[in-house]
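So the structure is just underneath, and the comments pick up after that.
Number of protein chains: 2
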Amino acid sequence: MKNLTKRQAEIFNYIKDEIENNGYPPTRSEISKTFGFKSPNAAEDHLKALKKKGVLDLAAGTSRGITLSNQSSGIPVIGLVSAGGPILAEENIEKTIPNNPGILSHGIDFYLKVKGDSMIDVGIFENDLIAINKNIPVKTGSIVVARINDEVTVKTLTKISDSQVILRPENSSYSDIEVNPKKDNLIFEGTCVGLLRDFS
Amino acid sequence: MKNLTKRQAEIFNYIKDEIENNGYPPTRSEISKTFGFKSPNAAEDHLKALKKKGVLDLAAGTSRGITLSNQSSGIPVIGLVSAGGPILAEENIEKTIPNNPGILSHGIDFYLKVKGDSMIDVGIFENDLIAINKNIPVKTGSIVVARINDEVTVKTLTKISDSQVILRPENSSYSDIEVNPKKDNLIFEGTCVGLLRDFS
DNA sequence: TTAAATACTGTATATAATTACAGTTATGAA
DNA sequence: TTCATAACTGTAATTATATACAGTATTTAA
Chain A
27 MKNLTKRQAE IFNYIKDEIE NNGYPPTRSE ISKTFGFKSP NAAEDHLKAL
77 KKKGVLDLAA GTSRGITLSN QSSGIPVIGL VSAGGPILAE ENIEKTIPNN
127 PGILSHGIDF YLKVKGDSMI DVGIFENDLI AINKNIPVKT GSIVVARIND
177 EVTVKTLTKI SDSQVILRPE NSSYSDIEVN PKKDNLIFEG TCVGLLRDFS
Chain B
27 MKNLTKRQAE IFNYIKDEIE NNGYPPTRSE ISKTFGFKSP NAAEDHLKAL
77 KKKGVLDLAA GTSRGITLSN QSSGIPVIGL VSAGGPILAE ENIEKTIPNN
127 PGILSHGIDF YLKVKGDSMI DVGIFENDLI AINKNIPVKT GSIVVARIND
177 EVTVKTLTKI SDSQVILRPE NSSYSDIEVN PKKDNLIFEG TCVGLLRDFS
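Going down the list, the sequences are from chains A and B. Be aware that the first sequence starts at 27, since it is given in this note's numbering, and climbs by one per residue. Be aware that the second sequence starts at 27, since it is given in this note's numbering, and climbs by one per residue.
Set out below in structure tokens:
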């Protein structure tokens, strides 16, 4: 959904927030008022641009007829992460699920579908979706999503220093992973802020 | 939510559905069209009645300015269940959290905050919120919320017949619970359809 | 370098939408 | 019985809203 200009992103986020807070989308003049436009047509133009870029839809002749498109209103679920690119790259997105502000105390940037049983002792099972926030600084004790030499893993961070990082699987049959950030390529993709499991 | 007439409930549910499906609430005339009213004032009257009963709010002078009130839009979280009354009784509701249609494959009637460690082998931990659907018929293999002689418990249903019901804790340090529905008062409050955990 | 896109102002208008007022009919409670 | 509530019809007025057209200035991609 990218290629939004800075201004367009501002307006898009405002619309998103309004829907979240008010329960209905803003009008052209509400948008204009918020951004200081002297003409409602400025908002109209922006809406058309946002529609053209596919992040929202407009219902003709309908007041407040703004709907966020699927991709832009949902939170991506990341399945298997292909090596190389960024974790949120298109090809890693398995689906998107509706955003639900308010269910968890932290914001969610994406969900990661859990593979393997290395975290079962803290109740994280295969195929669970763990909610990840990219911006919380990682700290010891947190469950983190780490990328070590392009391999993505979910573990508890138990030690972090310039020369040594220890990632602990929460399963007694596995051993701690020790990483030297100076030698290995270590990236923290985010912190686990919640868990979602669907019994279907 | 209280004492809505049949007609009011129909209209309220329609509004709820419209918000969910369209992303914005209906106008008076859309409501009228749907229900065959020949005057938009019929919808206006209904909206006023629904507002009076506290299930929604109306923003004056605002097109589509209908918002569902917290109680009616959220899903109750049940903490400790007091003996006697129904599980969804006011005093059991710890809080409500926003409804999120689409995150789980089944509908959610309420969340139950888990006490104890009797289900840790299936990754259900203390203080997790389990999502419960009241209307799915209980069947063996499902995780169910059962009330045995007024005590509420979450277990896996492993056997169900007229004379014997077996509820299995998913923790090797606990033993199966055998209930005779003819002698004991056994009520199934619902089936667990999902799990929500907040790492805060 | 040039056309297209971005980001607006300014004006105007048809129509979408809220909402008041005046009624009618039916039902159930005081 | 009588009054409040429910569930509408019918009309109408004000205002809220979408949206077109005509511009201007700046930035960006071909």
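Note that the Cβ used here is the ideal one computed from N, Cα and C, for glycine as well.
Residues that residue i bridges to, as DSSP identifies them
i: B:A157; result: B:Y137 and B:G220
i: B:D83; result: B:T93
i: B:E204; result: B:I192
i: B:G100; result: B:P124
i: B:E177; result: B:I174
i: A:T182; result: A:I169 and A:R194
i: A:I119; result: A:I104
i: B:L212; result: B:I174
Residue i versus the options, residue with shortest Cα-Cα distance
i: A:E204; options: A:S89, A:E196, A:S198 and A:I174; result: A:I174
i: A:S187; options: A:D210, A:E196, A:S198 and A:N206; result: A:N206
i: A:K121; options: A:N67, A:Q97 and A:K77; result: A:Q97
i: A:E177; options: A:I162, A:I213, A:D143 and A:S199; result: A:I213
i: A:E224; options: B:L193, B:I129, B:D224 and B:L138; result: Position check: residue 224 of chain A holds Asp in this sequence, whereas Glu was assumed. Of B:L193, B:I129, B:D224 and B:L138, the residue nearest in Cα terms is B:I129.
i: B:F152; options: B:K160, B:N161, B:V140 and B:P163; result: Phe is not the amino acid found at residue 152 of chain B; the sequence shown has Glu there. For B:E152, the nearest C-alpha among the options comes from B:V140.
i: B:S189; options: B:A75, B:P163, B:N211 and B:F61; result: B:N211
i: B:K208; options: B:V219, B:V164, B:V191 and B:S199; result: B:V191
Nearest-angstrom Cβ-Cβ length linking residue i and residue j, presumed shorter than 8 Å
i: A:I156; j: A:L221; result: 5 Å
i: A:G105; j: A:N118; result: 7 Å
i: B:L84; j: B:L94; result: Not really, about 11 Å apart at Cβ, beyond 8 Å.
i: B:K248; j: B:N29; result: Outside the displayed range of chain B (27 to 226) lies residue 248 of chain B, so it cannot be described from this structure.
i: A:S99; j: B:S131; result: So it is not a contact: roughly 19 Å between Cβ atoms.
i: A:I41; j: A:I92; result: 6 Å
Short Cβ contact (8 Å threshold) for residue i with residue j
i: B:I158; j: B:G216; result: yes
i: B:P51; j: B:S58; result: no
i: B:D135; j: B:N197; result: no
i: B:R90; j: A:R90; result: yes
i: B:A75; j: B:Q34; result: yes
Cβ neighbour criterion (16 or more within 10 Å) applied to residue i
i: B:A172; result: buried
i: B:A69; result: buried
i: B:G20; result: Outside the shown range of chain B (27 to 226) lies residue 20 of chain B, about which nothing can therefore be said.
i: A:K181; result: buried
i: A:D154; result: buried
i: A:S168; result: buried
i: A:E116; result: exposed
i: A:E46; result: exposed
i: B:M27; result: Since pLDDT at B:M27 reaches only 49, below the 50 mark, its modelled position is unreliable, and no value is offered.
i: A:P163; result: exposed
i: B:P112; result: exposed
Residue i beta carbon near the ligand COA (any heavy atom closer than 7 Å)
i: A:L130; result: Looking for the ligand COA in the displayed structure turns up nothing, as the structure carries no ligands at all.
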